[in-house]
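Working notes, beginning with the structure itself.
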Amino acid sequence: MSTISFARGVPAPECLPVEALADCAKAALERDGHAILSYGPSPGYGPLRARLAEQHGVDPSRIFLTNGSLQGFVFLAQRLVPGRRVLVERPSYDRPLKILRGLGADVVGLDCDDEGLDPDALERALAGGEPPAFLYLIPTFQNPSGRTLPLERRRRVVELAERYDLLVLEDDPYGLVRYGGEPLPSLFELSGGQTAYSSSYSKTISPGLRVGWFVFPEELARQIEATATATYITPVLLGQATVNEFLDRGLFEPNLERVRSLLGARRDAMLAALGRDLPELTVNRPDGGYFLWGELDGVDSGELLGRAEEAGVTFVQGTDFGAPPETLRLAFSFVSLDEIGEGVARLAAALPAAAR
Ligand SMILES: Cc1ncc(COP(=O)(O)O)c(C=O)c1O
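Each residue of the sequence shown is one higher than the last, beginning at 2 in our numbering.
In structure tokens:
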């Protein structure tokens with residue numbers, strides 16, 4: 002029996018446009034091989050920077066491409082964090098939390114509810130104590146909770162950032178992976194470009210290409226450039242040029258539609274299976290992204306995880322993201338529709354032993 006993973010927050014294999022990307026990589030190398038195969042500018046491949054600058058309405062000098070957005074997060078944290086407070090949502094994506102702690106940050110988790118970050122909690126944190134290095138926020142289809150911050154709260158966060166001179170990093174890799182509902186303006190847009198923004202082609206094209214980007218305030222862009230140059234000289238230009246070719250050929254939108262349809266069907270299948278087989282789990286219904294967030298009254302999800310692994314299914318405990326023990330994250334992005342049904346049945350079978 003092979004284990005079914007509701008833990009892996011990665012796209013299902015059929016989401017990856019392998020043949021189209023092979024063509025794009027070849028074309029990019031043939032056209033621009035001497036630049037792509039050498040060391041280049043540390044902020045990344047010029048044509049893709051220019052495209053993103055236009056998309057965001059900023060000067061290209063503010064666009065910074067990195068080997069996945071996580072690499073850029075590390076650069077930012079190395080610059081700003083050591084010895085300082087960093088505000089995060091509680092729960093929040095576990096990897097940045099580990100990076101921040103590894104750099105000696107005082108990581109302060111702010112209260113969230115079903116609508117995401119509570120702006121009053123942010124205001125309290127800003128009113129007391131040392132000014133934080135930054136606020137790390139995933140306002141749309143959050144990892145791990147799938148939650149989306151409503152417009153009013155976005156406005157308040159932007160107002161508070163302005164009032165307290167707070168740098169906000171808005172991490173937005175899932176915003177376009179939407180299965181329903183209407184898009185909201187980003188904090189970056191609401192702030193007139195004052196917010197630092199990051200996103201990635203990992204969820205819309207391919208994570209293996211490792212192409213993420215940031216829009217930084219000018220001065221920060223210069224500082225991060227120095228860190229990037231000192232670290233790896235230049236990011237992987239082949240991945241960036243391949244993405245740029247994919248975009249040039251008009252393949253992005255049709256691919257995104259395909260991904261939305263493949264993953265939207267998985268979200269629906271998981272919700273239907275949970276409703277049928279595991280009604281004890283209270284779960285949300287995000288309009289996009291990769292994750293459902295669940296809560297089991299009176300059950301420790303660590304206990305359930307142990308039983309579930311024996312039964313052949315995995316997920317991630319809420320405690321890994323700084324949330325209470327009754328919570329858990331279920332990723333529907335990686336598994337097939339059949340695996341979703343079988344995995345939920347295994348989870349349901351594992352519950353009685355964990356609930357005792
Ligand atoms: C919120 C969030 N930010 C960043 C990343 C990483 O993106 P990248 O592949 O661009 O490093 C992920 C990946 O799961 C994520 O969930």
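C-beta atoms are modelled at their ideal positions from N, C-alpha and C, and glycine is treated no differently.
Quick caveat, the model's predicted, so the values are computed rather than measured.
With contact defined as three or more Cβ pairs closer than 8 angstroms, the segment 312 to 320 and the segment 269 to 285 are not in contact.
Within the segment 131 to 203, the runs of beta strand (DSSP E) that reach at least 3 residues and sit entirely inside it are, in chain order, 135 to 138, 169 to 172 and 197 to 201. Beta-bridge analysis with DSSP links S6 to T315. Secondary structure at N68: strand, using DSSP grouped into helix, strand and coil. Checking the DSSP bridge columns, you'll see C113 partnered with L118. As the crow flies, the alpha-carbon of D172 is around 27 angstroms from that of A21. Uninterrupted alpha helix (DSSP H) stretches at least 4 residues long and entirely within the segment 214 to 245 occur at 219 to 233, given in chain order.
Ligand 1 never approaches I225 closely enough for any of its heavy atoms to be under 6 angstroms from the residue's Cβ. Every beta strand (DSSP E) stretch that sits fully inside the segment 269 to 314 and reaches 3 residues is listed by chain position as 282 to 284 and 292 to 297. DSSP links V87 through a beta bridge to V108 and F135.
In the three-state reduction of the DSSP assignment, L257 falls in the helix class.
Look at the beta carbons and you see the segment 215 to 223 touching the segment 191 to 199: at least three pairs across the two are nearer than 8 angstroms. Bounds of any alpha helix (DSSP H) do not take in R357, whose DSSP letter is neither H nor E. Closest in C-alpha terms to Q241, from the list S334, Y46 and V109, comes Y46. Taking every protein chain shown into account, the CB of D321 has 16 or more other CB atoms within 10 angstroms, so this residue is buried. Residue environment: S3 is assigned as exposed (fewer than 16 neighbouring CB atoms within 10 Å of its CB, all protein chains considered). From the listed residues D33, R357, S39 and F142, the smallest Cα separation to Y180 is found for F142. Judged by the Cβ position, I139 qualifies as a neighbour of ligand 1 at the 6 angstroms threshold, a heavy atom of the ligand being closer than this. Those residues having their beta-carbon less than 6 angstroms away from any non-hydrogen atom of ligand 1 are, in chain order, G10, G69, S70, L71, Y94, I139, N144, D172, P174, S201, S203, P208 and G213.
For V244, the number of other beta carbons within 10 angstroms of its own is at least 16, and it is reported as buried.
Check the Cα spacing between R286 and each of S187, P145 and G213: the tightest is with P145.
For L22, there is no enclosing beta strand (DSSP E); the enclosing alpha helix (DSSP H) covers residues V19 to I37. Across the set L305, D269 and G251, the C-alpha of L305 shows the shortest separation from the C-alpha of P353.
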